[in-house]
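Engineer:
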Amino acid sequence: MPMTQASHPSGARASPDEALARGLAAHDEVAFGELYARYRPLVASIARQIVRDESTVDEIVQDVFHALWS
Numbered sequence: 001m002p003m004t005q006a007s008h009p010s011g012a013r014a015s016p017d018e019a020l021a022r023g024l025a026a027h028d029e030v031a032f033g034e035l036y037a038r039y040r041p042l043v044a045s046i047a048r049q050i051v052r053d054e055s056t057v058d059e060i061v062q063d064v065f066h067a068l069w070s
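Quick note: the sequence shown, position 38, residue 38 per UniProt numbering, numbers continuous.
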């Protein structure tokens, strides 16, 4: 059974990704930088499976992270 907020025991620590998501929602630049460093390679890899042009891949990555920040 996947863990949900309701299934976390009282006082359980949030995962690092949950902390980053909270930081991103608060427009924390440090959290955004960590999220970018952690997930940029994955986003770029997925984009490369769809398009082959590296400049287009870079634009897609920029658009994805811009949407997350907005």
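Virtual Cβ for every residue (Gly too), placed ideally from N, Cα, C. Every value quoted in this text rests on a predicted model; they were computed, and no experiment measured them.
#1: Do VAL57 and residue 85 have their beta-carbon atoms positioned less than 8 angstroms apart in this structure?
#2: Under the rule that 16 or more other beta-carbon atoms within 10 Å means buried, what is VAL61, buried or exposed?
#3: Are the CB atoms of LEU42 and LEU24 nearer to each other than 8 angstroms?
#4: In three-state terms, what does DSSP make of HIS27?
#5: For ARG40, which residues from the same chain have a beta carbon less than 7 angstroms from its beta carbon, with the 5 sequence-adjacent residues on both sides left out?
Structural biologist: The structure says:
#1: Since the first and last residues shown for the chain are 1 and 70, residue 85 lies out of range.
#2: Within the sequence shown, numbered from 1, the residue matching residue 61 stands at position 61. When all chains shown are included, VAL61 counts as buried.
#3: Locating residue 42 in the sequence shown gives position 42, counting from the first residue. Locating residue 24 in the sequence shown gives position 24, counting from the first residue. It is not a contact, given that the beta carbons lie outside the stated cut-off.
#4: By one-based count along the sequence shown, residue 27 stands at place 27. The answer is coil: DSSP assigns HIS27 none of H, G, I, E or B.
#5: In the sequence shown, the residue the question calls residue 40 occupies position 40. Excluding sequence neighbours, ARG40 sits near VAL61.
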